[in-house]
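Peer 1:
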Amino acid sequence: MRSVLWILLVMNMMAMNRIRMKSGKWRMRQPGLCKIKRMIWGLFQGQALLLWRFLMDSIANWNIRGLNHPLKQKEVRHVIKENNLKVCGILEFHVQVGKLMNVYSKLCKGWDWLSNGNLCHKGTRIIVGWNPREVDVMLLSATDQVMHLQLVFKGVKKAMFCSMVYASNDYKERRELWNSLNRHKGFVNDKPWTIMGDFNVMLEIGDTHLGASGISVSMMEFKECVRNIEVFDVKSSGLHFTWNQKPKHGVGIMRKIDRIMANCHFTDVFPNAFAVFQPHRVSDHSACVLKLPEVVRSKHKPFKFPNFLTHKAEFVNLVKDGWNTHFDGVPMFRVVKKLKSLKHPLRALFRQQGDLHVRVENIRKELDVFQTKVDQDPDNYSLRNMAAECQKKFMEASLDEERFLKQKAKQKWLQVGDANTKFFHNMVKSRNHISQIQFIKDANGNEFEGREVANVLVDHYKAFLGIKGNVTKSPNSMCFPRRISIAKAEFMIRAVTDDEIKSAFFDVGDDKAPGPDGYSAAFFKKSWQIIGEEVTFVIKDFFSSGRLLQEINHTFLALIPKVNTPTYVTDYRPISCCNVIYKAISKILTNRLLEGINDVVSLNQSAFIPGRRISDNILLTQELLHNYHRNSGPPRCAFKVDIQKAYDTVDWDFLRATLLGFGFHGKMVDWIMSCVTSTSYSISINGEIHGYFKGQRGLRQGDPTSPYLFTLVMEVLTSILQHTAATHNNFRFHNNCKRQKIINLCFADDLFLFARADFDSVKFIMDSLNSFRDMSGLVPSLSKSTSFFCNVPARIKTQILSLVPFTEGALPIKYLGVPLIASRLLKSDCKVLVERISKRLLDWKTKFLSFAGRLQLVNSVLAAMYSYWAAVFCLPVSIIKTIERTMKDFLWKHGSTGSKIAKVAWKDVCLPKCEGGLGIRKVSDVNKSLMTFHIYSIVSGRKSLWVEWIQAHRLRGRSFWDVKVPQSSTWGWRKLLSFRSLVRIFFWKQIGNGESTSLWHDTWCNQCPLSRYVSPRNMSQHGLSIYSKVADVVQNGTWIWPDAWRDLFPILFQLNHFNLVPNKQDVTLWRTDEGKLVSFSSKLVWEATHSRGQEVNWSKIVWSGCNIPRHSFHCWLIFRRKLWTQDRIQKWNHITSGSMNMMCCLLCQRELESHEHLFFQCPYSSSILDAIKEKSSMKMVPNKWVDIVGWLLPKAASRSLNSVIAKLLVKAAAYFVWQERNYRFFNNQLRPPEVITSIIIDTVRLKLFSFKYKDKPQVRKILEDWKLSSIETFEET
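Sequential numbering of the sequence shown, starting at 138, is according to this note's numbering.
1) Could you check which residue in L1283, W1235, K309, R631 has the C-alpha nearest to that of R1361?
2) Could you check which residue in S939, Q1191, T1134, H1159 has the C-alpha nearest to that of Q1144?
3) Would you kindly work out how many angstroms separate the C-alpha atoms of M469 and L978, rounded to a whole number?
4) DSSP on P269, reduced to helix/strand/coil?
5) Just the C-alpha distance for F909 and S374, rounded to the nearest angstrom, thanks.
6) Per DSSP, which one or two residues make a beta bridge with H422?
7) Just how far apart, CA to CA, sit Q1395 and L1405?
8) Tell me the rounded alpha-carbon separation between H231 and L237.
9) Check for me: the alpha helix (DSSP H) holding G803 runs from which residue to which?
10) Could you work out which residue in L314, H321, N319 is closest to V338 when comparing CA atoms only?
11) So, is Y656 buried or exposed, given that buried needs 16 or more other C-beta atoms within 10 angstroms?
12) For the candidate residues W808, I697, L762, whose alpha-carbon lies nearest to that of Y719?
13) Could you check the C-alpha separation between G914 and I604 for me, to the nearest Å?
14) What is the rounded straight-line gap between the Cα of W250 and the Cα of L256?
15) Just curious, the alpha helix (DSSP H) that A862 is in, first and last residue?
16) Can you tell me the Cβ-Cβ gap for G1230 and E1052, rounded? I've got them flagged as a contact below 8 Å.
17) Using CA coordinates, which residue listed in Y765, S1219, L938, I332 is at the minimum distance from C362?
18) Once DSSP output is grouped into helix, strand and coil, what is the label at L429?
19) Helix or strand or just coil, what does DSSP make of W1098?
20) Helix, strand or coil, according to DSSP, for R869 in the structure here?
21) For a test of the three-state rule: what should DSSP assign to I196, helix, strand or coil?
22) Check whether the segment 1092 to 1103 and the segment 1158 to 1166 are in contact - that is, three or more C-beta pairs closer than 8 Å.
23) Rounded to the nearest angstrom, what separates G235 and Y241 at their Cα positions?
24) Could you tell me the alpha carbon to alpha carbon distance between P443 and T634, rounded to whole angstroms?
25) Should the segment 1363 to 1381 be regarded as contacting the segment 508 to 524, the criterion being three or more beta carbon pairs within less than 8 Å?
26) If you follow the beta strand (DSSP E) that K881 is in, where does it begin and where does it stop?
27) Please return the same chain residues whose Cβ sits closer than 8 Å to the Cβ of S905, not counting the five positions on each side in sequence.
28) Report yes or no: do three or more beta-carbon pairs, one from the segment 1311 to 1318 and one from the segment 1326 to 1339, lie closer than 8 Å?
29) Check whether the Cβ atoms of S821 and L694 sit closer than 8 Å, and answer yes or no.
30) By the DSSP assignment, the beta strand (DSSP E) with G375 in it spans what residues?
31) Give a yes or no on contact between the segment 778 to 790 and the segment 912 to 932, applying the rule of three or more CB pairs nearer than 8 Å.
32) Going along the chain, which unbroken runs of the alpha helix (DSSP H) with 4 or more residues stay wholly within the segment 735 to 812?
33) I'd like the list of long-range same chain contacts for N873, defined as Cβ closer than 8 Å, with 5 residues on each side in sequence excluded.
34) Output the boundary residues of the beta strand (DSSP E) element that contains R1208.
35) Return yes when the Cβ of W1006 is within less than 8 Å of the Cβ of V1063, no when it is not.
36) Should V467 be labelled buried (16 or more other beta-carbon atoms within 10 Å of its own) or exposed?
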C-alpha cells in the first residue's frame, strides 16, 4: 500500500511541476508526455494534501477524562482518523484495569493497547494504542506518571523512543517523574527521543493567561529537568494555551501544560516533524499531535558562501582565476556574472573539505592511533613527526568545523577557537528545526500541510507586497513645515569616494545572512584586493546612472515567527535578506540621509535619529500616564496604536512625495526610489526558495535605509496632527502636554496618542489618522490597538469608544519592551526580565559552552538584556540579587542547582580586569551609571522632548540639584532625584556665556555650590533669587556682588575673575577622581561609582588582546591561586588530610602538589616548558612562575610578535599541564611530555595563523621558525 502511495505522490508531483520558465516563455517539459501528464493532472488534481497525509506518520496523546462516555469515545476515533494516527496515548483515563478491554474495543478496532493501570492507585492514568500493521511498540519501562516506549515505523523503517507523560498534580510527586526522565536519558543516549503529554506545570511565564504567573519551585524543577535531558519544544502550531479551566461563570485560567518535546537526534532523523495542538472540543485539554512527514526535496538548496573557506590557502588564487574571466556588458552585469561563475569553483572547494564533522572524527581516530604507537615506541622520531602532523591537521579541521557552525548558528557574541563546537552544532540543529514551516492556515482559516505550505505563503505575500495599496490622497505643503536647507541637500549628492564605498562593505557583519547571490560580507572583505576595484566602480556607476540591476536588488524573504505558536500566514514577519553589494549602496545612502534627517524630524520621534534615545519616549510616557489608575485630575485619554504591517504597506508614491516635500535633492530621491522600487522577491521556506514577484509597495525590513525612511513617513503624521491642533480651536491637549504641544510619541511603528477626553479632541485625532491612512497606506490594527482613560465620565467614554474602534485596556502594559506602569515598579513587573535571562542562561545548549564562552555570554548578551531595563528603571534590589545569583550559578555551575562551589567570590569576579576580576559589571553599578545619564540630560539641556517636559513641569526654572521631591510625582522621578547625592560631586559646568549655569546650585568652581553659604532670604534681599545664573553677577570680567555681602560672605569676593564668552554655550562635563574634566559618558560614571579593588600588575599578561579565552581564564585562576591543588584541599578538610598527605604530585610522584610546584618546578612540567622555550625568546628565564611573570611584566602591554608568542606559550603550557594533571587524577590517563609539548605548539601555531602581520624581516624569520611562511603580510603605510 505504501509503495503504491509513493508512486501516486511522485506522479502527482510530476503533474504539479509540469511547466517551467524557459527563455522568458512558459513551455511544457518533454512534449511527448503531455497527454500522460494531462491525464495525471486531471486524475490527481486536488489530492496532494490527501496523499501527503497518507504518507505521514503521526502520533498523539490527549488528556480526555471520562472515556466511558460514548461522545468522548467518538471524538477520540475522529482525532485518530482525521490525523491518520499510528500511535495514540490517552491520559487521565481513570478506568479500572478490569474494564480496560471493553473500552479498547470501542475506541479503535484492530489496534493493540498498553496501560500503566497496574502501577496506579486510582484507575488507569495512561493508555497507549497503536496500529500493529503500521508500527511496532515495545514498552521499556513505566511508572504511574510516564510510559517509556520504543516505536518502530514499518513503512519507513525508522525507530524512535517515545515517553508518554501524565504528571501528578503534586510538585513533590512530580520529582519522581523528573528522576525517571533523567534515568531514561542515559538509556536513550544519542537516539531520537520525544516526550509528550500533560506535565501539569508551566515551563515559561508566558504559558499562562490569568492566574498566578511567577516562577514557582515546580517550574524551576521542570526547567532543570529539561536542561538535564537536553530536549526542546518541537516546532508547533495551533493553540498556545493547551488547558482551559472552563468555569461555570466568567473567564477561566488558560495555560500551556501539554507539550511535545524532543532531542536533537530526533530532529536529525525526523527533520520535518511538527506538532499541532488542536482545539479542546469535549475535553479541557488540547489533543497533541506529532506529525512526522517524509523528507521530499525537489529543489536544490541555494548557494551560501561558507566563511571558513576564506582561511584556505587555495581561496585567493581561486578568486583571482575566476575574477579574470571576461564578460561583456555594463559594469554591474559583469560583476554579477563573475560572482555567479565563482560559485562552481567555490562549491568544489567546499566539497573538497568533505563532511566537516566526519572529517574531525576521522582525524581524531587517526590521531589516537599515532599517539598510541608513539607511546609504544617513544624513540621512533618518524612516528612522532607523523603524530605531530596529524595533530596539526586535527586542530585545523576542528577550527574549520567551529567556524562553519558559528556562521550557521548566528551567535555573534561568541568567539571562535575556544572549543564551543558542540554548542554551535546544537544551536544549528535547534534553529533549523524551529525555522521549519510544515503547517499553515491562510487568512480564511483553511489548513495546508507539506508542499502546499510554500504555495500559500507565496500567494499571501504576492497579494500583500506585489499589489499597490488603496491610496486616495496626496500630501500637501502643510505636511512639511520643516525642510532641509538647499546647501545641505546639495552636499548629500556629492561624489561617492573609494573610502566611503570600502567602509560600507566592511561595516557589514561577516556572519550576516547572505542575499540571493549567497555571498557574505566576509567574501568581499577577504578578496577586496582582487575584486575591490571593479566592485567600487560598480557602486560609482549606480550613483552616476541611478540604475540598479535586478539581480543586485532581488531579495529573499525569511519568515520569522511573531508568536510562540505560529499558525496563520499573518503570524510571520518577513525579514529581507539583501545582497551585500546592495547593502553597501544602501549604507552609503543611509549615511547621507543622516546628515539632514535631524533637521526635519521632530523631537517626539526618538527612533534611529543620532543623539536621541528610546528611553526618552518611555520616560515621558510614564510621566503622562502617571496616576491613570486613579480617578483624579482632568479627564484625559491615551491611545496605543499598532500600525498593521507598517513597513510593508508604505505607498511608494507617498514616499517620493515625502522625500521631496522635506527638501531632499531630486537626485538623492531618485537614488532612494531606484533602490526601493526595483526590488523583487522570492521566499525562503524550509531551506528552499519559492516564488518570484515584483514589489509594488512597502519598505524592506533588513534594508539599512528602511528605518530612516519610515521615520520620515511617520513625521508626516506628526505634521498633520500639529496642523489639526493649531487650526481647530476645539482641540484640547492632554494634561501637561500643551506647552510642548504633545499629541503623539513615535518610535518607528510604535505610536502613542494623547488628548483631553472629550469627543471633539478625539475626533480630530481620528480624522488625522484617517487622512494619514489615505495618503500613506498605513492602517491601524484595530485588534492590537488600545484605549486608556482616566477620570472620564461613563457617558463621554461611551461616545469616544463609539468613535475610536480600539479596545479599552488597563495598565501596566508592555511598551517598547518594558512595562508601562502608572505607579511604582514592582517585583512582579520585572518577572519578564528575570524569565528572559533565566531562559537564555538555563537553555540546555549552554551546557556545552566552555567557561570562557559562558563568560562571554554573561558579558555581552545578558548585559544587553538587563541594561535596557536599567536605563529606564531603578531596578528593585530583590530583582538585582536574583539576576546576579542566576549569573553566578551559570558561570560556576553551568546553571544547575547543585552544590558546586564558586572558585572566586562574586564581588571579586565583578571587579574590572585591571583590578583582578573578570570584568563582569554588577547590575546595581550598571543601573546607577545608566540612570545618571538622565541626570546629565537634564543638567546639560540635551535636546529631548522628555528633558523639555521635565524642565517645564518638574523643575519650573529651578536647578535639578535644588528641586524638592514631591510625593505626588512619579516613582521614576523620585528615584532619579535620589541619585543626586551620589553623583553631584562629579558634574562640573564649564562657563561660556554663563546663561544656563545656576549661580547657586551648579558646580562651576572649587567653592561651589554657593548655596551652602547664601540662603534664599539673603538672595532675595539683594535682588537675586534661586533662579539666578552666573551671567547675572559677572560684568566685564568682574563680580558684582552686593557690598553688604563683603563681610557676610567673604568667600564670594575671593572667587577668581573670568570673562564670559557671549556666543559660547555653557558645557556640562564630568570631573574624574583625578580632577580631569572630560565629556560625560555612562562608562565614566561606572568607573567612578563601582565597587573597587586594588589594581594588579598581571592583568595585561592574562587579558592581552591576542589570547585564547580558555587559556586566559585558567591563567587568571593561577594568579588568584584558586586552582584546587592538593595543598589547598588539605587546608579545607582535616578529615582527608591524612590520606592527602600520602599523595604527591601526579606528574612527577615526588613533591606535594601546589601552584608553585606545578608551574613549573615539577620535572614533568619543567621539561615541557624547556621544550617550548626553544620556540620563543625566553630561553634564559628560570622555570619558576615568579620568574616567568617577572620576565613577562615589562612586555605585558607589548604587541610585538615575540611578546605575543611568549604570553601564548606560557598560558597554553599552564593550561595543558593542568589538563594533564586532571586526566591522571580523574581518568587515569598518562601522556608523555613530548605529546603535551606538541599539543601546545600546534595550538599556538593555529592561533598565530589567524593574525595579520606586518611585512618586516624579523617577522618573516619568526613565521618561518613556526612553519607559517605561507601567511600573507601587509606593508605599513
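C-beta: ideal position from N, C-alpha, C; glycine also. The structure presented is a predicted model; accordingly, all values stated were derived computationally and were not measured.
Peer 2: So, to answer that:
1) Here the question's residue 1361 lines up with position 1224 in the sequence shown. When each option's Cα is compared against that of R1361, the closest is L1283.
2) Locating residue 1144 in the sequence shown gives position 1007, counting from the first residue. Per the Cα distances, Q1191.
3) The count along the sequence shown starts at 1 and reaches residue 469 at position 332. The count along the sequence shown starts at 1 and reaches residue 978 at position 841. About 46 Å.
4) Along the sequence shown, read from residue 1 onward, the residue named residue 269 stands at position 132. Residue state, collapsed to three classes: coil.
5) Taking the sequence shown and counting its residues from 1, the one referred to as residue 909 is at position 772. Taking the sequence shown and counting its residues from 1, the one referred to as residue 374 is at position 237. Distance between the alpha carbons of F909 and S374 is about 36 Å.
6) The residue you call residue 422 lines up with position 285 of the sequence shown. H422 is bridged to W380.
7) Along the sequence shown, one-based indexing puts residue 1395 at 1258. Along the sequence shown, one-based indexing puts residue 1405 at 1268. In a straight line, the C-alpha of Q1395 is about 13 Å away from that of L1405.
8) What you label residue 231 is simply residue 94 of the sequence shown in a count that begins at 1. What you label residue 237 is simply residue 100 of the sequence shown in a count that begins at 1. Their Cα atoms are separated by approximately 10 Å.
9) Numbered from its first residue, the sequence shown carries residue 803 at position 666. Per DSSP, G803 belongs to the alpha helix (DSSP H) from 803 to 814.
10) For the purposes of this step, residue 338 is taken as the residue at position 201 of the sequence shown. The option with the nearest alpha carbon to V338 is L314.
11) Translated into positions along the sequence shown, residue 656 becomes position 519. With 16 or more Cβ atoms within 10 Å of its Cβ, Y656 is classed as buried.
12) The count along the sequence shown starts at 1 and reaches residue 719 at position 582. Ranked by Cα distance from Y719, the options W808, I697, L762 are led by W808.
13) Working through the sequence shown from its first residue, we reach residue 914 at position 777. Working through the sequence shown from its first residue, we reach residue 604 at position 467. Between G914 and I604, the C-alpha separation is close to 12 Å.
14) Translated into the one-based positions of the sequence shown, residue 250 becomes position 113. Translated into the one-based positions of the sequence shown, residue 256 becomes position 119. Taking the straight line from one Cα to the other gives about 16 Å.
15) Working through the sequence shown from its first residue, we reach residue 862 at position 725. Residues 843 to 864.
16) Within the sequence shown, the letter at position 1093 stands for residue 1230. Within the sequence shown, the letter at position 915 stands for residue 1052. The distance from the Cβ of G1230 to that of E1052 is about 4 Å, consistent with a contact at the 8 Å cut-off.
17) Working through the sequence shown from its first residue, we reach residue 362 at position 225. When Y765, S1219, L938, I332 are compared, the shortest CA-CA separation from C362 is found for I332.
18) Locating residue 429 in the sequence shown gives position 292, where the first residue counts as 1. Three-state result, L429: strand.
19) What you label residue 1098 is simply residue 961 of the sequence shown in a count that begins at 1. Of the three classes helix, strand and coil, the one that applies to W1098 here is coil, per DSSP.
20) Start at 1 with the first residue of the sequence shown, and residue 869 comes out as number 732. Coil, per DSSP.
21) Taking the first residue of the sequence shown as 1, we reach residue 196 at position 59. If DSSP states are grouped into helix, strand and coil, I196 belongs with the strands.
22) Yes, the segment 1092 to 1103 touches the segment 1158 to 1166.
23) Sequence index remark: in the sequence shown, residue 235 carries index 98 (1-based). Sequence index remark: in the sequence shown, residue 241 carries index 104 (1-based). G235 and Y241: Cα-Cα distance of roughly 12 Å.
24) Translated into the one-based positions of the sequence shown, residue 443 becomes position 306. Translated into the one-based positions of the sequence shown, residue 634 becomes position 497. In a straight line, the C-alpha of P443 is about 30 Å away from that of T634.
25) Three or more pairs of CB atoms, one per stretch, sit closer than 8 Å, so the segment 1363 to 1381 contacts the segment 508 to 524.
26) Walking along the sequence shown from the start, residue 881 turns up at place 744. What sits at residue 881 in the sequence shown is Asn, not Lys. Looking at the DSSP string, the run of the beta strand (DSSP E) that includes N881 is 881 to 884.
27) By 1-based counting over the sequence shown, the position of residue 905 is 768. Here the set comprises L854, I857, L858, T861.
28) yes
29) Within the sequence shown, residue 821 is the residue found at index 684, counting from 1. Within the sequence shown, residue 694 is the residue found at index 557, counting from 1. The answer is yes: Cβ separation under 8 Å.
30) Taking the sequence shown and counting its residues from 1, the one referred to as residue 375 is at position 238. Where G375 is concerned, the enclosing beta strand (DSSP E) stretches over 373 to 375.
31) With the cut-off at 8 Å, the segment 778 to 790 and the segment 912 to 932 touch.
32) 751 to 761, 789 to 798
33) On the sequence shown, position 736 is the one that residue 873 refers to. Same-chain partners within the cutoff: E760, L761, W1086, H1090.
34) Numbered from 1 along the sequence shown, position 1071 holds the residue referred to as residue 1208. Here the beta strand (DSSP E) through R1208 covers 1204 to 1208.
35) Position 926 of the sequence shown, counted from the first residue, corresponds to residue 1063. Position 869 of the sequence shown, counted from the first residue, corresponds to residue 1006. In this structure, W1006 does not lie closer than 8 Å to V1063 by Cβ.
36) Within the sequence shown, residue 467 is the residue found at index 330, counting from 1. Exposed: under 16 other Cβ atoms inside 10 Å.
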